[in-house]
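Undergrad: In case it helps, this note's numbering puts the sequence shown at residues 768 to 1121. Can you read through this structure? Questions will come right after.
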Amino acid sequence: MPLKFIRDDITKLKVDAIVNAANTSLLGGGGVDGAIHRVAGPKLLDECRKLGGFEVGKAKLTKGYKLPAAHVIHTVGPVWSGGKSNEPKLLRSCYEECLKIASDNKFETIAFPLISSGAYGYPKDQALKIAVDSCSTFLKTHDMDITIVIFDRESFDIGRKKLKEIQAFIDDNYYDETRSWAYSAAVGDAAPVGIVGGITEPIRSLIKKASNSRGKAHTVHSGFHVREEARSESLEDKLKMIDESFSEMLLRKIDEKGMSDSDCYKKANVDRKLFSKIRSNKDYHPKKTTAVAFAIALELDINETKEMLLKAGFGLSNSSKFDIIVRYYIERGNYDIHEINGALFQFDQVLIGS
Ligand code: AR6
768 MPLKFIRDDI TKLKVDAIVN AANTSLLGGG GVDGAIHRVA GPKLLDECRK
818 LGGFEVGKAK LTKGYKLPAA HVIHTVGPVW SGGKSNEPKL LRSCYEECLK
868 IASDNKFETI AFPLISSGAY GYPKDQALKI AVDSCSTFLK THDMDITIVI
918 FDRESFDIGR KKLKEIQAFI DDNYYDETRS WAYSAAVGDA APVGIVGGIT
968 EPIRSLIKKA SNSRGKAHTV HSGFHVREEA RSESLEDKLK MIDESFSEML
1018 LRKIDEKGMS DSDCYKKANV DRKLFSKIRS NKDYHPKKTT AVAFAIALEL
1068 DINETKEMLL KAGFGLSNSS KFDIIVRYYI ERGNYDIHEI NGALFQFDQV
1118 LIGS
């Protein structure tokens, strides 16, 4: 996935480069800097000594030594002093400089900690916003897998107001497992189950409804005729009436919206290779997180989103926090995939994209 968040220790990641939130001496310190030096071993410090110090907002590359990551990109974030000393610009520059080094060295994978958000005191929600903005702007013109590593729960903050709103929306809409089946039956909603391993009854009945609306059987009124037609139609005939597939709907919608393929998969936070697979196989069955990502990238309304998900064998239900959060954003016309992923992350849900 091009941009994702994970909760982990950055020193454990096997990527082309991890980023170190260092200080201007480059000679190590506490926080993530200390952890990286501890795992990498003394040779990292030797190489850092040769680099000399450097300025806030700049970045330099070293090897990773004993780290699973091949390289370390060291950068120095600004110390927070109220926000009036150019801090946002300097913090953005850290991300941009690191990404430039990664791109110049043809790295495919990079992981960032939330620079400046620890000892340097940058407010976490603002630090996170700058991290996401800088990385997503970069991804508009580059192919790279970027991971933002969240070390502790408190480091991730989408803002108290938004959190409260989403929590209230979940509270209003959340049904537990048992009640959700009654809900499904009553309003015809589908449970969030994939087609792998069998289609559940709510989904099957929705699929039936959808194909009936385009199928022949709909024009037949008496029970006798229905039975007759059912008998005379072979399975082969029935399969010819198969509805537009997920892949076909996706490509049709891209054209209708006047988007290019790359606009769409980038906006969906899906990588090019996966998009090509979907494009070249009309019967491709994506994961739910991929299907939702395309619905968001295409800015589909809630009904179209449900239609698109159904084609991949999924639905949106009120028994899943993931589904409710996705619905919260779609109903508000907010299609910012990184913001949605931020909310999903904060509620411990899987992220959308490939
Ligand atoms: N993996 C991922 N993230 C981590 C880890 C880890 N192992 N350890 C801490 N974090 P900080 P700064 C998170 O203080 O604010 C050092 O002494 C942490 O939760 O490491 O840029 C340097 O030498 C926080 O969200 O860096 C400098 O003097 C984020 O990393 C100074 O601190 C950044 O916290 C730099 O301060």
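Yeah, the Cβ is synthetic: ideal placement off N, Cα and C, and Gly gets one too.
1) With 16 other CB atoms within 10 Å as the buried threshold, where does Gly1080 fall?
2) Report yes if the CB atom of Tyr861 is closer than 8 angstroms to the CB atom of Gly844, and no otherwise.
3) Using the C-alpha atoms, what's the distance from Phe1112 back to Tyr1032?
4) Would you mind stating whether Ala836 and Ile785 have Cβ atoms separated by less than 8 angstroms?
5) According to DSSP, simplified to helix, strand and coil, what is Ile1009?
6) Return the CA-CA distance between Glu1071 and Asn1101, expressed in angstroms with no decimal places.
7) Out of Lys1054, Tyr1051 and Ile933, point me to the one whose CA is closest to Phe1114's CA.
8) Measure the alpha-carbon distance for Ile1069 versus Lys825 and round it to whole angstroms.
9) Check the Cβ-Cβ distances between Arg1019 and every residue of chain D, and say whether any is below 8 angstroms.
10) DSSP three-state call for Thr908: helix, strand or coil?
11) Counting Cβ pairs, one atom from each stretch, are 3 or more of them under 8 angstroms apart for the stretch 1008-1017 and the stretch 881-897?
12) So which residues put a beta carbon under 6 angstroms from any heavy atom of the ligand AR6, going in chain order?
13) Output needed for Asp1038: all residues of its chain with C-beta closer than 8 angstroms, excluding positions within five of it in sequence on either side, in chain order.
14) To the nearest angstrom, how far is it from the Cα of Gly801 to the Cα of Val1059?
15) Using CA coordinates, which residue listed in Thr791, Asp1103 and Asp1022 is at the minimum distance from Lys1034?
16) Just to confirm, are Asp924 and Lys891 a CB contact at a threshold of 8 angstroms?
17) What are the start and end residues of the alpha helix (DSSP H) that includes Ala1064?
18) Opposite Asn787 in the DSSP bridges: which residues?
19) Ile773 bridges to which residues according to DSSP?
20) What is the rounded straight-line gap between the Cα of Ser792 and the Cα of Val846?
21) What distance in whole Å lies between the Cβ atoms of Asn940 and Ile1091, which are believed to be in contact at a cut-off of 8 angstroms?
TA: Straight from the coordinates:
1) Buried, since its Cβ has 16 or more Cβ neighbours within 10 Å.
2) Before going further, note that residue 861 is Cys rather than Tyr in the sequence given. In this structure, Gly844 lies closer than 8 angstroms to Cys861 by Cβ.
3) The alpha-carbon atoms of Tyr1032 and Phe1112 are separated by roughly 21 angstroms.
4) One thing to note: Ala836 has its Cβ within 8 angstroms of the Cβ of Ile785.
5) Three-state result, Ile1009: coil.
6) One C-alpha to the other measures close to 15 angstroms.
7) Measuring from the Cα of Phe1114, the nearest candidate turns out to be Ile933.
8) The alpha-carbon atoms of Ile1069 and Lys825 are separated by roughly 44 angstroms.
9) In the displayed structure, chain D is absent; only one protein chain is listed.
10) If DSSP states are grouped into helix, strand and coil, Thr908 belongs with coil.
11) Contact check between the stretch 1008-1017 and the stretch 881-897: fewer than three CB pairs, one atom from each, fall below 8 angstroms, which does not count as touching.
12) Residues with their Cβ less than 6 angstroms from any non-hydrogen atom of the ligand AR6, running along the chain, are Asp776, Ile777, Thr778, Ala788, Ala789, Asn790, Gly796, Gly797, Gly798, Val799, Asp800, Ala802, Gly844, Pro880, Leu881, Ile882, Ser883, Ser884, Gly885, Ala886, Tyr887, Val916, Phe918, Asp919 and Ser922.
13) Closer than 8 angstroms at the Cβ level, and outside the excluded window around Asp1038, lie Met768, Pro769, Asp910, Asp912, Tyr1032 and Ser1121.
14) So the alpha carbons of these two residues sit roughly 39 angstroms apart.
15) The shortest C-alpha separation from Lys1034 is found at Asp1103.
16) Closer than 8 angstroms, so yes.
17) Here the alpha helix (DSSP H) through Ala1064 covers Lys1055 to Ala1064.
18) According to DSSP, which records beta bridges pairwise, Asn787 is partnered with His841.
19) Per DSSP, the beta-bridge partners of Ile773 are Val916.
20) Rounded to the nearest angstrom, the gap between the Cα atoms of Ser792 and Val846 is 14 angstroms.
21) Contact holds; Cβ gap of about 5 angstroms.
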